[in-house]
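Q: In the numbering used here, the protein residues as written are 739 to 1063.
Even for Gly, the Cβ is constructed at its ideal location relative to N, Cα and C.
These numbers were taken from a predicted model, which means no experiment stands behind them.
Before I ask anything, let me first share the structure, which is written out below as structure tokens.
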């Protein structure tokens, strides 16, 4: 009985020992078999990318704001200074018909000057029908102021011509003088068109201060509006527009304007002092000349108003319009 128990214990011990021990590896028994190498850890310089990394990068590119391409002017190499250009670009399709038509109307005004006198020149004009501004000048007659006013008007025109020639030179100055002369002529012609239609008697027709030959003259009914005032203001204003277009950043064209307005206003006074026009005739003439002095230059384009300028953008380039208006 004791022997059987001892044998069983030995068997159990041997079986337990055999189950716990492992068989020797092949490379221990055979030196020709190389042992397996251990797995190398991932390198820190090479990040492991997952399946969602590509989608994340695309989403970031869609959400990040992109910088808009900005226009930048191309810097051109320095070149010779550009020649000065005149203030206006003349076109014979506009300028020639305008001057010819103005001349024809002027001839018509001269013919009308030899026509019938004012409607009240013989019977006598009543000053009570005048407004409070004009009533004081009814019967005014000082003919010496006519000559003074004519000389002043010629002086304004001559000074305008000399200013442009000195400032621009002969070629460009004569080019711009054409536009100023058109403003002067059209202002005078406008008065020649309106005055026969209005038929207003001149101040000298009222009363008996002026001789009968003067009161009954064919020009006695051409009071409204003053052609001398319109011509003076048309010349002065068009001169200012011209100089301001040539020198937009300078202040001296404004001084020319102030001096010219003073002279043109004095021209209007000579017409009232001579008995040729009432104050309202002079005011209307000044307003008409001012508007024409603005309108005629505005009809002529500037030769240096718009220019093509090369520009560069990211990935390309092109041309842009740039200018001074």
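State yes or no: is the C-beta of residue 876 within less than 8 Å of the C-beta of residue 944?
A: Taking 8 Å as the Cβ cut-off, residue 876 and residue 944 qualify as a contacting pair.
Q: Go through the region 895 to 950 residue by residue and report every complete run of the alpha helix (DSSP H) that reaches 4 residues or more, in order.
A: Listed in chain order, they are 908 to 936.
Q: Taking residue 879 as the reference, which of 1030, 988, 1008 and 828 has the closest Cα?
A: Of the candidates 1030, 988, 1008 and 828, the one whose C-alpha sits nearest the C-alpha of residue 879 is 1008.
Q: Could you compute how far the alpha carbon of residue 939 sits from the alpha carbon of residue 905?
A: For residue 939 and residue 905, the distance between alpha carbons rounds to 43 Å.
Q: May I ask which residues mark the beginning and end of the alpha helix (DSSP H) holding residue 873?
A: Looking at the DSSP string, residue 873 is not in any alpha helix (DSSP H), and its letter there is neither H nor E.
Q: So for residue 863, helix, strand or coil by DSSP?
A: Coil, per DSSP.
Q: When you compare only the Cα positions, how much space is there between residue 919 and residue 966?
A: Whole-angstrom Cα-Cα distance: 14 Å.
Q: Spell out a yes or no on whether the region 836 to 852 and the region 913 to 933 are touching, meaning 3 or more CB-CB pairs, one atom from each, closer than 8 Å.
A: The region 836 to 852 is in contact with the region 913 to 933.
Q: Let me know the secondary structure DSSP gives residue 957 once reduced to three states.
A: Three-state DSSP puts residue 957 in coil, outside helix and strand.
Q: Considering only the alpha carbon of each residue, which of 1005, 845, 824 and 858 lies closest to residue 946?
A: Per the Cα distances, 858.
Q: Which residue wins for smallest C-alpha separation from residue 979, given the options 962, 961, 964 and 998?
A: Answer by Cα proximity: 998.
Q: Between the alpha carbons of residue 996 and residue 853, how many angstroms are there, rounded?
A: The alpha-carbon atoms of residue 996 and residue 853 are separated by roughly 39 Å.
Q: Taking Cβ to Cβ, would you say residue 941 is nearer than 8 Å to residue 960?
A: No, they are not a contact pair.
Q: Got a sec? Which residues, its chain only, sit under 7 Å from residue 916 by beta carbon, not counting five neighbours each side?
A: Hits under 7 Å: 828 and 833.
Q: Taking DSSP as the reference, what is the three-state secondary structure of residue 868?
A: Note: residue 868 maps to coil in three-state DSSP.
Q: Quick one, which of 1013, 826 and 982 has its alpha-carbon nearest residue 953's?
A: For residue 953, the nearest C-alpha among the options comes from 1013.
Q: Using a Cβ distance threshold of 8 Å, determine whether the region 1011 to 1031 contacts the region 898 to 914, with at least three qualifying pairs required.
A: Because the criterion of three Cβ pairs below 8 Å is not met, the region 1011 to 1031 and the region 898 to 914 do not touch.
Q: Roughly how many angstroms lie between the CA atoms of residue 1020 and residue 1006, to the nearest whole one?
A: Their backbone Cα atoms lie some 6 Å apart in a straight line.
Q: Assign residue 866 to one of two classes, buried (16 or more other C-beta atoms within 10 Å of its C-beta) or exposed (fewer than that).
A: Exposed, by the Cβ-count rule.
Q: Nearest CA to the CA of residue 907: which residue from 872, 822, 991 and 869?
A: If we check each option's Cα against that of residue 907, 822 comes out closest.
Q: Pop quiz: residue 976 and residue 1034 are said to be a contact at Cβ under 8 Å. What is the actual Cβ separation, rounded to whole angstroms?
A: The Cβ separation is near 6 Å, so the contact holds.
Q: Once DSSP output is grouped into helix, strand and coil, what is the label at residue 684?
A: Lying outside 739 to 1063, the shown extent of the chain, residue 684 is not represented and no answer is given.
Q: Measuring only from the beta carbon, is residue 849 closer than 7 Å to any heavy atom that is part of the ligand NAD?
A: Ligands are entirely absent from the displayed structure, and the ligand NAD is therefore not among its contents.
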